[in-house]
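Q: The structure under discussion is supplied below as structure tokens; questions concerning it will follow.
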Amino acid sequence: MKLLYTPRSPYARKVRVVAIEKGIELGLVSEDLVNKSPGLVKANPLGKIPTLILDSGQTVFDSPVICEYLDSIQPKPALIPKDPDKRFAVLTLAAAADGLMDVTVAMFMEKVRHPNDFNAAFIAANEVTVKRCFAYFETQTARLKELSIASIGLAGAIGYLNFRMPQLWQSTDYPRLARWYEEFSKRPSMRETVPKEK
């Protein structure tokens, strides 16, 4: 299997962490999202990463679907519970983590596209959303202790925010979440996938 990705994408990092935790080997193909390769747009009409290309040639996207696919082909460790109540509790947390990624990426891209005249109101509104997410996850740390698609997604979201906008991660304001993140970040899968500048 091949994963079309970029090294700094939090969505791709989530997939990579899942694969490492499950012992699934993925061939990594780094993509340029400005000059999209024919291979990427052929595999994914949206031209987005991450996109997984199976050995059969079938493609799977985007990150939640890829993670569910990987969880299905290698059941242990189970990252998405089978029990309906537990399953949807985990998937709801995972959706909140993905939303935190979305907000952070949107803010970063706004500043990249308009470095001197970015929309300050847009940034401010999204910073409020980030803090609201952190406050929510501060109340959910007991549910994050188990390795799951939610804990992996949240760790990736916080990691990306630390990478792009570290000033927004005031860990002293969220002590339980900060302790959880510090501990989770020690996992080999997290260390191996830390985003780096070029």
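When the letters of the sequence shown are read in order and numbered with this note's numbering, they come out as residues 51 to 248.
We treat Cβ as the ideally placed atom computed from N, Cα and C, and that holds for glycine.
The structure displayed is predicted, hence computed values, not measured ones.
#1: Take the Cβ of G107 as the centre, count every other Cβ of all protein chains shown within 10 Å, and call the residue buried at 16 or more, exposed below.
#2: Please specify which runs of the alpha helix (DSSP H), each continuous and at least 4 residues long, are wholly inside the segment 95 to 146, giving them in chain order.
#3: By the three-class DSSP mapping on this structure, what secondary structure does G73 have?
#4: Give the straight-line distance between the Cα atoms of F172 and E196, rounded to the nearest whole angstrom.
#5: Is the Cβ-Cβ distance between S59 and I99 less than 8 Å?
#6: Assign N94 to buried or exposed, taking buried as 16 or more other Cβ atoms, counted over all protein chains shown, within 10 Å of its Cβ.
#7: Taking 8 Å as the cut-off, decide whether the C-beta atoms of L83 and Y55 are in contact.
#8: Give every residue of the same chain whose Cβ lies closer than 7 Å to the Cβ of P65, excluding the five residues on either side of it in the sequence, and list them in chain order.
#9: Quick check: L227 and T179, are their CB atoms within less than 8 Å of each other?
#10: Spatial neighbours of N169 within its chain, please: CB distance less than 7 Å, with the 5 preceding and 5 following residues excluded, ordered by chain position.
#11: Helix, strand or coil for K246? Go by DSSP, reduced to three states.
#12: In the DSSP assignment, find the unbroken beta strand (DSSP E) run with L250 in it and report its ends.
#13: Between D105 and M51, is the Cβ-Cβ spacing less than 8 Å?
#14: Please identify the residue among S198, H164, D135, N166 whose C-alpha is closest to the C-alpha of P125.
#15: Rounded to whole angstroms, how far is the Cβ of W219 from the Cβ of L194, which I believe are closer than 8 Å?
#16: Going by DSSP in three states, L218 sits in which element: helix, strand or coil?
#17: If you draw a straight line from the alpha carbon of V244 to that of A62, how long is it in whole angstroms?
A: Judging by the given coordinates:
#1: exposed
#2: Under the rule that a run must span 4 or more residues, the alpha helix (DSSP H) segments found entirely inside the segment 95 to 146 read 113 to 123.
#3: Note: G73 maps to coil in three-state DSSP.
#4: 35 Å
#5: yes
#6: buried
#7: Taking 8 Å as the cut-off, the beta carbon of L83 is found no closer than this to the beta carbon of Y55.
#8: Sequence inspection shows Val at residue 65; the Pro mentioned does not correspond to that position. Excluding sequence positions up to five before and after V65, its CB lies within less than 7 Å of the CB of L53, P100, S113, I116, C117, all in the same chain and listed in chain order.
#9: no
#10: E160
#11: coil
#12: Outside the modelled stretch of the chain, which goes from 51 to 248, sits residue 250, for which no answer is possible.
#13: yes
#14: S198
#15: That pair is no contact at about 16 Å.
#16: helix
#17: If you draw a straight line from the Cα of V244 to the Cα of A62, it is about 11 Å long.
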